[in-house]
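Protein chains in written order, with my numbering: chain A, 382 to 471; chain B, 2 to 376.
A short worksheet on the structure shown next.
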Ligand code: SF4
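Pasting the structure below:
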């Protein structure tokens, strides 16, 4: 829950300006991007996600470094991904 | 005996390590506290202490939000969950936190309707799907998760949902740091500032630490090099006789934080006069509750919550660990009665907790390493 996980924005949800579909290590889920209204992400951009909300935009290098770090910590990240997989935000 | 997991850029790490060593004044001992569970995790995972001179010590602060929830609050949540009308929803991290009558997991095994969710928005969905039930979200976390709760409440309000509420246990990091600075037990030389919390609150809230307490603060990222770099920045400030707030994690943390997130928190929540932290006791203005305007989403008002204080188990020394006074392995039950499978204290529950991080990565402190290698 404390882990910020990087996700790539892959599409927007029609009629739901606050939502976007992201790809996190191959897991594709809808998250909320309402906290980034000052500078909304575009498709192909990366965001740092906490409990279903994008908290900040990050660049691709940072996303790659963060992913490598998360994959390195193992179990905690796997649990986070498993939880994300169960998520059904709409 | 080799305790270091070599990681990418180990060369750069060795270079930083040499720069840090060069700044150490002979005879001086340096103590830096990291107040973020994610940092604790990195430090143990990569054995960063092995990259530091003996005179530089890292102590772990109260940065794991699961770890600081007092037993009484867990009991209150269990009381709420026991109501047959209620579906309790919680992050996975919270499921194993022991209350005096067991954990959410234990209650779930006995048939209580407690569901693990990834996001408060998932909890909202459960509420929509179960109009005849009252869905309570066990909200925990620092300023990193508080905006999510706030946004979810705003959404529930916009939808006019009436069967959704928050059992609010959000805590704020700055008063906890202040309590540690004011406690006589510990002399610190500086802080490794939390990365993700600062994404929300920015760097300004730490200015009093530099100004009023004369201690440097460096907000740090989560990779091993980030942390070493931050320690170097702290050492540099000390050697130049300065104390300021600096941001090592500019890649992610804006100086002013996330204004939209702060607005959402401010709209829906207000500071409690005081809140009990596990191990640290009552700290004033250190936690959030729902604002009166959102009272209809406040589980504490909607349900009757016992609010009984429960003392921590006698064997538990989480308080000392959370304050950085004790190292995890110095706790009498560490690794014996208290393990991640059967946690006695909260620091063993979350992977970000100091005891769990220590346990999982099998770290020993330097003194112990010496003893072990001698024996
Ligand atoms: S070993 Fe267990 S009881 Fe002791 S401080 Fe750590 S979590 Fe608390």
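We put the beta carbon where it would ideally sit given N, CA and C, even for glycine.
Classify residue i as buried or exposed, calling it buried when 16 or more other Cβ atoms lie within 10 Å of its own Cβ.
i              : result
residue 212(B) : exposed
residue 264(B) : exposed
residue 243(B) : exposed
residue 223(B) : buried
residue 395(A) : exposed
residue 278(B) : buried
residue 392(A) : exposed
residue 15(B)  : exposed
residue 385(A) : buried
residue 350(B) : buried
residue 310(B) : exposed
residue 30(B)  : exposed
residue 240(B) : exposed
residue 258(B) : buried
residue 126(B) : buried
residue 418(A) : exposed
residue 425(A) : exposed
residue 427(A) : buried
Could you check which residue in the options has the C-alpha nearest to that of residue i?
i              : options                           : result
residue 102(B) : 204(B), 88(B), 82(B) and 92(B)    : 82(B)
residue 139(B) : 96(B), 224(B) and 132(B)          : 96(B)
residue 70(B)  : 27(B), 100(B) and 115(B)          : 100(B)
residue 249(B) : 195(B), 278(B), 117(B) and 284(B) : 195(B)
residue 390(A) : 410(A), 449(A) and 418(A)         : 410(A)
residue 44(B)  : 269(B), 304(B), 193(B) and 318(B) : 193(B)
residue 98(B)  : 201(B), 150(B) and 72(B)          : 72(B)
residue 34(B)  : 352(B), 145(B) and 63(B)          : 63(B)
residue 280(B) : 251(B), 327(B) and 47(B)          : 327(B)
residue 204(B) : 358(B), 297(B), 175(B) and 323(B) : 175(B)
residue 361(B) : 405(A), 471(A) and 454(A)         : 454(A)
residue 445(A) : 432(A), 436(A), 470(A) and 404(A) : 404(A)
Closer than 8 Å, CB to CB, is residue i near chain A or not?
i              : result
residue 335(B) : no
residue 375(B) : At residue 375(B), the pLDDT of 48 sits below 50, so the modelled position is not reliable; the number obtained from the coordinates is stated separately. Residue 375(B) does not count as touching chain A.
residue 122(B) : yes
residue 306(B) : no
residue 296(B) : no
residue 223(B) : yes
residue 197(B) : yes
residue 251(B) : no
residue 104(B) : no
residue 41(B)  : no
residue 119(B) : yes
residue 146(B) : yes
residue 19(B)  : no
residue 346(B) : no
residue 260(B) : yes
residue 46(B)  : yes
residue 93(B)  : yes
For residue i, which beta-bridge partners are listed by DSSP?
i              : result
residue 280(B) : Residue 280(B) pairs with nothing; no bridge assigned.
residue 272(B) : 289(B)
residue 31(B)  : 57(B)
residue 431(A) : 434(A)
residue 299(B) : 167(B)
residue 91(B)  : 117(B)
residue 193(B) : 35(B) and 219(B)
With 8 Å set as the bound, which would you pick, yes or no: does the beta-carbon of residue i sit closer than that to a beta-carbon of chain B?
i              : result
residue 457(A) : yes
residue 434(A) : yes
residue 441(A) : no
residue 415(A) : yes
residue 450(A) : yes
residue 406(A) : no
residue 389(A) : no
residue 445(A) : no
residue 385(A) : yes
residue 401(A) : no
residue 460(A) : yes
residue 426(A) : no
residue 393(A) : no
Using a Cβ cut-off of 9 Å, which residues of the segment 171-204 of chain B contact any Cβ in chain C, in chain order? Within the model displayed, chain C is absent; protein chains A and B are what it includes.
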